[in-house]
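To start, the structure under review is shown below, and the notes come after it.
See the structure below:
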């Protein structure tokens, strides 16, 4: 073989190697024993599941003043883990009230019974059908976790999620549920113009009621809605006290922290569980 031909072959092999690096690859299953939680990440054009090395250790006992919400999600997840019928869940409401934390706590509660969590970003929901195929037939029970979910009109991921929830010709996998959190009850922006159904104009909808129904159709495909509400002052202080105990402060220090905790919330403009946790971390960190 001549040197020119060998050079041409070498160049062709190098070009193929570079092409393989950028072309989509078939998704490879993760090591399911590596963790109880996984993140969906796009690698070489395919959605891959990466184990989370350090999973949040929050427990159900750490979450205060959300007992009705806790009971509903606990019951639904227990049904799912036991192989009984259960619903996809949408947790909505006030910010910082424990929506995401509750899902993480439920994972820790049932991980020993085979529950696994897969966190998926909104942008990657277009590959949700492929993810469903990856876990189909596995003995574990999977919760797909979509945090802080909301859509703008026309997003492709909106249609993908809607189809997987209750609309695809393929049957939904019985070992997978979707738990999503959002500050929007219907996941889409709702405008005053949506209420002008009786107003007719050159650029108006012929059937405006159908446009409104389209906006709420996604949220209605979640079988269970769990709503969270802003905390009262007493509820906020109870959460502060719980976190201060968690950080090892005694009851005298907790009582003395009531007024500073209220000032902290006033400065932040919110009496949420997140703000209570941040105050407790700050106070405990100062060692006062």
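In my numbering, the protein residues as written are 22 to 309.
Note that the Cβ used here is the ideal one computed from N, Cα and C, for glycine as well.
Exposed unless 16 or more other CB atoms sit within 10 angstroms - verdict on residue i
i	result
residue 271	exposed
residue 75	exposed
residue 257	buried
residue 195	exposed
residue 268	exposed
residue 56	buried
residue 301	buried
residue 25	exposed
residue 28	exposed
residue 292	buried
residue 241	exposed
residue 286	buried
residue 30	exposed
residue 23	exposed
residue 303	exposed
residue 310	In the structure as shown, the chain starts at 22 and stops at 309, and residue 310 therefore has no counterpart that could be examined.
Segment limits, alpha helix (DSSP H) that includes residue i
i	result
residue 76	Run containing residue 76: none; DSSP gives neither H nor E here.
residue 298	294 to 307
residue 55	From DSSP, residue 55 is part of no alpha helix (DSSP H); its letter is neither H nor E.
residue 144	No alpha helix (DSSP H) contains residue 144, which DSSP labels as neither H nor E.
residue 257	254 to 267
residue 287	279 to 289
residue 270	Neither: residue 270 is in no alpha helix (DSSP H) and is coded neither H nor E.
residue 161	Unbroken run through residue 161: none, as it is neither H nor E.
residue 151	149 to 156
Within 8 Å, strictly: CB atoms of residue i and residue j
i	j	result
residue 84	residue 123	yes
residue 147	residue 197	no
residue 266	residue 275	yes
residue 110	residue 247	yes
residue 87	residue 119	yes
residue 90	residue 249	yes
residue 168	residue 202	yes
residue 245	residue 93	yes
residue 137	residue 154	no
residue 126	residue 80	yes
residue 102	residue 131	yes
residue 70	residue 51	yes
residue 186	residue 143	no
residue 145	residue 61	yes
residue 260	residue 305	no
Reduced DSSP secondary structure (H/G/I, E/B, other) of residue i
i	result
residue 32	helix
residue 233	Confidence at residue 233 is low in this model, with a pLDDT of 49, below 50, so the placement of that residue should be treated as unreliable; the coordinate-derived value is given next. Helix, per DSSP.
residue 25	helix
Residue interval of the beta strand (DSSP E) (run including residue i)
i	result
residue 170	Taken as a continuous stretch (DSSP letters only), residue 170 belongs to no beta strand (DSSP E), as it is neither H nor E.
residue 194	It is not in any beta strand (DSSP E) - residue 194 carries neither H nor E in the DSSP assignment.
residue 243	From DSSP, residue 243 is part of no beta strand (DSSP E); its letter is neither H nor E.
Checklist entry - Which full runs of the beta strand (DSSP E) of 3+ residues lie inside the segment 70 to 135, going along the chain? => result 110 to 114
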